Amino acid sequence: MRAVLVSFVRALLSQLHLRMLLLTVLPFVVSVAVWGVLLWLGLQPAIDWLQTYFTENDAFGAAGQVLGWFGLGTLKTVLVPLIAMWVLLPLMILTALVFVGTMVMPIIARHVASRHHPQLERRKGGSVWGSVWVALSSFVVFVALWLVTLPLSLFPPLALIVHPVLWGWLTYRVMAYDALADHASAQEYREIVRIHRWPLLAIGAITGALGAAPSLLWLGGALSVIFFPVLAAGAIWLYVLVFVFSGLWFQHYCLDALAAYRARVSVRPVPKN
């Protein structure tokens, strides 16, 4: 537990470094540019398709009845845009995750290693393509679970429990790989993840709770629909900021764990034949 707290403090101090703050700019600009074009071209057709589906299948009546049970009947008028936004949200998360993983994590690794582990050998067990594969494969599972639990988003108390758990798993899977890709061999990566699985999951759960914070921007009902472009940009920047801090935390913890692991291996007695 002490190692988790120490790495948290180091990550927090690193996050305040000007260079780390500037790292949020490029992924944010690229993500906003990509989603600005996609939303301009595809948001209204998606809303129109959902509107037609709900109308033809009398889904508005059923949805209004369910919402009425929980005192949320006023959301019926903005239900279709809200559903469209909540479906798009995981895709925005993927965009920020991939851009941070490919653009930012290598810089974070060099920054942390040069300041805290300058003598640590770089064995390059990972790669950019490996990072993209881990992110995409983990995201497929994340999206499936996100869609299954999507109805819970209408009830903030449940959303604040489910989303951090999903975020924690996704962050743990992606960030642990990226943090060790440059310095650990493939075998060392597997050993570090096996030995430190629970601390890494704990870090993922905490950063998952932080990652759920941007989701609160979508709980404003009609206001979420009216200010969707502004909220989307704000959510993307918050996601990028959380990902950068998560990357710093995982980087500090994983490099500390890797250095300790190599120290133990180097002093392990050689078995006699």
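Every letter in the sequence shown is one number past the one before it in this note's numbering, and letter 111, counting from 1, is 92. Think of the CB as a built atom: it goes at the ideal place given N, C-alpha and C, for glycine as much as any other residue. These numbers come from a predicted model, not from an experiment.
For the putative contact between residue i and residue j, defined by C-beta atoms under 8 Å, what is the C-beta separation to the nearest angstrom?
i, j, result
"residue 73", "residue 16", "6 Å"
"residue 230", "residue -11", "6 Å"
"residue 225", "residue 5", "6 Å"
"residue 93", "residue -5", "7 Å"
"residue -15", "residue 234", "7 Å"
"residue 104", "residue 169", "7 Å"
Can you tell me whether residue i is helix, strand or coil according to DSSP?
i, result
"residue 108", "coil"
"residue 164", "coil"
"residue 178", "helix"
"residue -3", "coil"
"residue 101", "coil"
"residue 131", "helix"
"residue 4", "coil"
"residue -18", "coil"
"residue 202", "Per-residue confidence for residue 202 stands at a pLDDT of 49, beneath the threshold of 50, marking its modelled position as unreliable; the derived number appears in the next sentence. In this structure, residue 202 counts as coil in the three-state DSSP scheme."
"residue 243", "helix"
Residue i and residue j: beta carbons closer than 7 Å?
i, j, result
"residue 228", "residue 89", "yes"
"residue 106", "residue 166", "yes"
"residue 181", "residue 157", "yes"
"residue 153", "residue 185", "yes"
"residue 9", "residue 221", "yes"
"residue 116", "residue 146", "no"
"residue 100", "residue 160", "no"
"residue 151", "residue 118", "no"
"residue 133", "residue 139", "yes"
"residue 164", "residue 219", "no"
In angstroms with no decimal places, state the Cα-to-Cα distance between residue i and residue j.
i, j, result
"residue 130", "residue 102", "43 Å"
"residue 190", "residue 1", "21 Å"
"residue 98", "residue 236", "8 Å"
"residue 171", "residue 77", "26 Å"
"residue 183", "residue -17", "12 Å"
"residue 177", "residue 86", "20 Å"
"residue 21", "residue 216", "17 Å"
"residue 96", "residue -9", "11 Å"
"residue -1", "residue 122", "35 Å"
"residue -13", "residue 26", "49 Å"
"residue 19", "residue 244", "49 Å"
"residue 128", "residue 144", "11 Å"
"residue 179", "residue 7", "32 Å"
"residue -7", "residue 148", "19 Å"
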